[in-house]
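S.K.:
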Amino acid sequence: MSDQAQRDEALDVTRSFIVQAPAGSGKTELLAQRYLKLLSICDDPENVMAMTFTNKAVDELTERVLSSLKSTNEPRPKQAHKQITYDLALKVMERSQNRNWQLLQMPQRLKIFTIDGLSSLITGRYPTPLQLVPPRIMAQDWERKKVYRLAAEQVLVMIDDEEHSKVISSLLLYLDNNIEKFYRLTTSMLAKRDQWLTRLYLGDTLDPSILQDSASKIVTQHLSHLEKEAKQCIGQDFFDLIAVNTKDEYAQIQSLPASGVEDLSVWKDLSSLCLKKDGLWRKSLNKNNGFPPELKVQKQAFEKILQTLGARESLTQLLGGVNRLPDVDFSELEIQALQDIAQVLKLCVARLNLLFEREQAHDFIEVALRADHALDDRSNISDMALFLDYKVQHILIDEFQDTSASQFNLIKKLIFHWQADDGRTLFLVGDPMQSIYRFRESQVGLFLQVKAKGIANTMPKSLKLSTNFRSSKSIVAGNNRFFEKIFPHEEDVYQGAIRYSESISDSDLTNDHAIVFHPFAHDQYQAEAVSVLEIINNALSENPKGEIAILVRTRSHLSDIVDVLKVHGIDFESIKTNPLKDHLLIRDLLSLTKALLHLGDKLAWLSVLRAPWCGLLLEDLLVFSEHDDLIIYEQLSDPKILNQLTQDGKKRAQHIAQSLSSVINNQARFDFVEILTHAIDQLGIVPSLSPQELMIKNQFLQIIFDCESQQLLNIETIEATLEDLYAPSKTAQVKLMTIHQSKGLEFDTVIIPGLGRKPRSDNAPIMRMREFANRSLLLAPIKSFTDSEDSNTYNYLKFIESQQDKFETMRLLYVAMTRAKNNLHLLGALTKNNKANAKSLLNMLMQFYEGHFDDVDIDNQQDAIKSLDAPKLERFTHLKSVLQEENGQGESVEYNKKFELLFKSLLGTLVHQYYEQGLFNPDKKNVEIKLIESGISPNDLDQYAQYVIKLLDSTKQDSQFEWLFKQRESTLVEAEFVNGDTVIAIDRLFIDDDVLWIIDFKTASLLDDESESQFVQRQKSEHTKQLLFYQEVLSKIYPNNIKCALYCPAVQKIIEIS
1 MSDQAQRDEA LDVTRSFIVQ APAGSGKTEL LAQRYLKLLS ICDDPENVMA MTFTNKAVDE
61 LTERVLSSLK STNEPRPKQA HKQITYDLAL KVMERSQNRN WQLLQMPQRL KIFTIDGLSS
121 LITGRYPTPL QLVPPRIMAQ DWERKKVYRL AAEQVLVMID DEEHSKVISS LLLYLDNNIE
181 KFYRLTTSML AKRDQWLTRL YLGDTLDPSI LQDSASKIVT QHLSHLEKEA KQCIGQDFFD
241 LIAVNTKDEY AQIQSLPASG VEDLSVWKDL SSLCLKKDGL WRKSLNKNNG FPPELKVQKQ
301 AFEKILQTLG ARESLTQLLG GVNRLPDVDF SELEIQALQD IAQVLKLCVA RLNLLFEREQ
361 AHDFIEVALR ADHALDDRSN ISDMALFLDY KVQHILIDEF QDTSASQFNL IKKLIFHWQA
421 DDGRTLFLVG DPMQSIYRFR ESQVGLFLQV KAKGIANTMP KSLKLSTNFR SSKSIVAGNN
481 RFFEKIFPHE EDVYQGAIRY SESISDSDLT NDHAIVFHPF AHDQYQAEAV SVLEIINNAL
541 SENPKGEIAI LVRTRSHLSD IVDVLKVHGI DFESIKTNPL KDHLLIRDLL SLTKALLHLG
601 DKLAWLSVLR APWCGLLLED LLVFSEHDDL IIYEQLSDPK ILNQLTQDGK KRAQHIAQSL
661 SSVINNQARF DFVEILTHAI DQLGIVPSLS PQELMIKNQF LQIIFDCESQ QLLNIETIEA
721 TLEDLYAPSK TAQVKLMTIH QSKGLEFDTV IIPGLGRKPR SDNAPIMRMR EFANRSLLLA
781 PIKSFTDSED SNTYNYLKFI ESQQDKFETM RLLYVAMTRA KNNLHLLGAL TKNNKANAKS
841 LLNMLMQFYE GHFDDVDIDN QQDAIKSLDA PKLERFTHLK SVLQEENGQG ESVEYNKKFE
901 LLFKSLLGTL VHQYYEQGLF NPDKKNVEIK LIESGISPND LDQYAQYVIK LLDSTKQDSQ
961 FEWLFKQRES TLVEAEFVNG DTVIAIDRLF IDDDVLWIID FKTASLLDDE SESQFVQRQK
1021 SEHTKQLLFY QEVLSKIYPN NIKCALYCPA VQKIIEIS
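Here this note's numbering is used: position 336 in the sequence shown is 336, and no number is missing along the way.
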């Protein structure tokens, strides 16, 4: 059945909706269509605000809207769904023209951003008095971790303060005086403080009676459900048979217990009698259960009753659950621990805020908390327009299933004063079955809550899409069959249990082998990798242009597959799966950095000598490692040591000495990033690098620049920065990524290996906390060092989280399997005991594929594995400086020229700064001060100051100066644009006569005996590729005709590039 009626209704812009849109249902297009329709009827584009959760999703929606607007210059498409978008875009363009919006010229008027971006907007619009300082920067991952740790360390130091000594000492003793454990537990809580900070310190949260009341409500609610279920199936015969039991605790149970807290122990006895430790019903009884051989008749009768009860799934779960219920009574030690934890965490947050204040930085949590606080402070304001520079009438939120509690509260406050008949609308779209971001604190239950109860004063109508435009009929049918049984049949807001919603394929394509399962025995991961290779080869032979995706749960599951693909020459694209720190080039550059920063770092210098730019053999490295009386850099110029090397090793060592001597001797004259750049050039690395490696080199140099500019140039900071970055990869048909990375994408063939692998285990937090439906709060501290195990309450809260994890694992498998358009391959291995790991994705599929493991041939699979060779030594065969020496060329002149170029680069940067500021007649003293700050020696000041002033004066006197530096509404200076993983910066950008001009300033000078025409040709050859790349990037953003040009003040020429 078609869902077109629901899609049409979703475009009724007078009403609010919450739309459930399963995988492949065209959710983003529907969102874009509603956004366009709202633009076509609103007074200003700022009246409509669209939000989502990632920058990638923002870029996708923005691009879709702009592309739709640009497409109005083309003929109307034939496809019905594209016609809807086209017609809406036409109306938007007509309204834009009538109201002079200039949307294509000013796309920033489209208010599409992340919820974190909205938080930043609110806090920026209404800062607190403490925020009336220069705007803060968003701390990077490594910076956040460092500041969290520093906050914890500063709190621990406060143990010597009389005011805080007792509480810190008490908590530290609770943790067995384990300082590292103290740091780990407190920093992990700071990283998720939005979950507890607004709840932990409310009223009587830590009052023992309040906690006991919360636990009592949980126990009685569970027991009342159990009692109701048990009454339906447990009769008097059950208790008559128990009466003869030889164990007193069982024999004295004469009827079903009630549902009070005092009845919990009796229910636990019943559970112990009827269920095994794994929660399954006992199939046989013996004397240990109170049924000795002389009670054979009664035992058999009772076993028959248990067999009947075992068919009742709800009873099984409820009876087994009594052993997981929380303690009603909290010990004094637990209460004291909770109070200590709360007080110490409060101190940590205070120190963290001071550190952020000092660094003029913040994290996403801080931004969200301040936005929430800003709205609280202005709760009497009736219109959200007072928080923004424009009046928002319509809000659209994509991926609503990924909303966290703090984000939900922010949205709720923004629309708190909306009324049903005021013309404002809310449009929420998402798919609860694809909610897989619990690690980011998303709560899928909020989607269900809004469907049932609305949000604030808005009650959106619920719509459900069902048509799948992505996958073939066979793939859709298979997924329906799997997930109808895998997903829970009852929804639970608080545990995140989502019922499966069936999809209907828009395609008629069928294939009996669309979904194929490949079973493997324990630990056969290399065999899995070989099978992946075979699937890829078969897929490429059947569809040479088809895209193939290999999806894994975690990046580490790709290691065997990557090795096999490399050995067999299969090109592949890694989507954020290859950590930058693990790339060989980064390792080599990091060694070079360590060596230049610390000449005495022996290991770093040995690594430099082993790297491809030198490539010494181990026997030569051994020579250098044996002479501890000299640092290796000094050994490189010691004739006695050099003569102990092989002939090849001697040449290579001399190459390093010649390449780096002038670099090291001039370190004090330049920034380190310039020194490192020059060292890389001298070593002759660049010509051997692939385009991807060039990007990696530039990425590393940017990291060095950032660290140095923040006065954090040390190896610890550099390595911390690398920790969370990934190496860029070339585009290829075969793509490797995590399941999370694949969300929103589609591929002709999807391969999911490693289904049998278990996920990483999470560390136990210092405190667990949960808010329940009745708003009651339950907390429990981690066990004391004197306790052998955690409390029942702590374990109960842990179980609730494990249930949430289990349901999310189901959704993760759904996301992975719904990426496939035509073919889906599932690969999984069993554990040692020939079972699927309970937490694995394979465990979800065992009900369908258990029989496939009966025929697994271990020997044949092992034979299919091709042995992997040890990595070979990579080294250059052509060493620039050695050849120059053999040709009798001196090196000093070459080095001097190189450093002269570094100075020219530095001066060019300074000229750029003056251009950016619009200063063309600076005072000479001002120029000299900036030159001194840049490292120019006093002896060279006058010469270089004159050079800068001459270039600026030449620019000012240029006949094209007025046109070039005219201030237009469209002018952008040092404009940055993101293209995938690359950020480009354009010196000057403006629109003139509907032409977008990209201007790149070049302060190069004419070479000796070089004519002006030769200079122009040289500049073109050096910079054409770069400018055309800029043009390509901006053509995706601007509809204008685009022209590129270099401006060279040395010859007063604008050099157009085509």
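Just so it is clear, CB atoms sit at the ideal spot from N, CA and C, and this is done for glycine as well.
Rounded to the nearest angstrom, what separates Asp762 and Met769 at their Cα positions?
M.R.: Approximately 16 Å, taken between the alpha carbons.
S.K.: How many angstroms separate the CA atom of Ser742 from the CA atom of Leu338?
M.R.: 41 Å
S.K.: Compute the Euclidean distance between the alpha carbons of Gln1026 and Met817, then round it to the nearest angstrom.
M.R.: 40 Å
S.K.: Please list the terminal residues of the continuous beta strand (DSSP E) segment that includes Gln20.
M.R.: 17-20
S.K.: In this structure, what does DSSP give as the bridge partners for Arg768?
M.R.: Ala780
S.K.: What is the C-beta distance between Asn409 and Asp372, in whole angstroms, given that I count them as a contact (C-beta under 8 Å)?
M.R.: 6 Å
S.K.: The alpha helix (DSSP H) that contains Val155, what's its start and end?
M.R.: 141-157
S.K.: Restricting to runs no shorter than 3 residues, where is the beta strand (DSSP E) found entirely within the stretch 461-493?
M.R.: Those beta strand (DSSP E) runs which fall completely within the stretch 461-493 and span 3+ residues are 461-464.
S.K.: What's the C-alpha gap between Arg587 and Asp563?
M.R.: Looking at the two C-alpha atoms, the distance is approximately 19 Å.
S.K.: To the nearest angstrom, how far is it from the Cα of Leu827 to the Cα of Ser471?
M.R.: 20 Å
S.K.: Using the C-alpha atoms, what's the distance from Thr308 back to Lys277?
M.R.: In a straight line, the C-alpha of Lys277 is about 19 Å away from that of Thr308.
S.K.: Look at the Cβ atom of Tyr947, then the Cβ atom of Leu907, and state whether they are nearer than 7 Å.
M.R.: yes
S.K.: List, from N- to C-terminal side, the alpha helix (DSSP H) runs of 4 residues or more that fit wholly inside the stretch 233-311.
M.R.: DSSP runs (the alpha helix (DSSP H)) wholly in the stretch 233-311: 236-243, 248-251, 264-274, 296-309.
S.K.: Express the C-alpha separation of Lys70 and Asp1000 in angstroms, rounding to a whole number.
M.R.: 27 Å
S.K.: I need the boundaries of the alpha helix (DSSP H) containing Lys821, first residue and last residue.
M.R.: Per DSSP, Lys821 belongs to no alpha helix (DSSP H); it is in the beta strand (DSSP E), 820-829.
S.K.: Given this structure, state the Cα-to-Cα distance separating Tyr944 from Leu931, to the nearest angstrom.
M.R.: 8 Å
S.K.: Pick out whichever of Lys1002, Asp994, Glu534 has its Cα sitting closest to the Cα of Asp987.
M.R.: Lys1002
S.K.: From this set, Val13, Gln6, Ile395, which residue's C-alpha is nearest Thr114's C-alpha?
M.R.: For Thr114, the closest alpha carbon among the candidates Val13, Gln6, Ile395 is that of Ile395.
S.K.: Roughly how many angstroms lie between the CA atoms of Leu883 and Ala985, to the nearest whole one?
M.R.: Since pLDDT at Leu883 reaches only 40, below the 50 mark, its modelled position is unreliable, and the value read off the structure follows with that caveat. Roughly 38 Å between the two C-alpha positions.
S.K.: Please check the pair Arg555 and Thr577, which I expect to be a contact at CB under 8 Å, by giving their CB distance rounded to whole angstroms.
M.R.: 5 Å
S.K.: Do Lys111 and Ser40 have their CB atoms nearer than 7 Å?
M.R.: no
S.K.: Give, in chain order, every unbroken run of the beta strand (DSSP E) that is at least 3 residues long and sits entirely within the stretch 585-650.
M.R.: none
S.K.: So, helix, strand or coil for Ser214, using DSSP?
M.R.: helix
S.K.: Which residue wins for smallest C-alpha separation from Asp582, given the options Glu719, Leu1007, Trp605, Asn537?
M.R.: Glu719
S.K.: So His394 is in the beta strand (DSSP E); what residue range does that whole segment cover?
M.R.: 394-397
S.K.: Classify Asp431 as buried or exposed, calling it buried when 16 or more other Cβ atoms lie within 10 Å of its own Cβ.
M.R.: buried
S.K.: Taking the runs of the alpha helix (DSSP H) that are 4 residues or longer, which of them lie wholly in the stretch 495-560?
M.R.: 525-542
S.K.: Could you check whether the Cβ of Thr187 sits closer than 7 Å to any Cβ belonging to chain B?
M.R.: Of the chains in the structure shown, none is chain B; there is only one protein chain.
S.K.: What number of angstroms, rounded off, separates the C-alpha of Pro691 from the C-alpha of Ile685?
M.R.: 13 Å
S.K.: Would you list the one or two residues that DSSP bridges to Ser404?
M.R.: Ser442
S.K.: What's the call for Val734, buried or exposed, on a 16-neighbour Cβ count within 10 Å?
M.R.: Under this definition Val734 is a buried residue.
S.K.: Please list, in chain order, all residues of the same chain as Lys181 whose beta carbon is under 7 Å from its beta carbon, the five residues on each side excluded.
M.R.: Contacts found: Leu175.
S.K.: Between Trp605 and Tyr633, which are expected to be in contact by the criterion C-beta below 8 Å, what is the C-beta distance as a whole number of angstroms?
M.R.: 7 Å
S.K.: Count the other C-beta atoms from every protein chain shown that fall within 10 angstroms of the C-beta of Met737, then say buried if there are 16 or more, exposed otherwise.
M.R.: buried
S.K.: Taking all protein chains shown into account, decide if Leu319 is buried (16 or more other Cβ within 10 angstroms of its Cβ) or exposed.
M.R.: Buried, by the Cβ-count rule.
S.K.: Among Leu264, Ile234, Leu448, which has the Cα closest to the Cα of Thr220?
M.R.: Leu264
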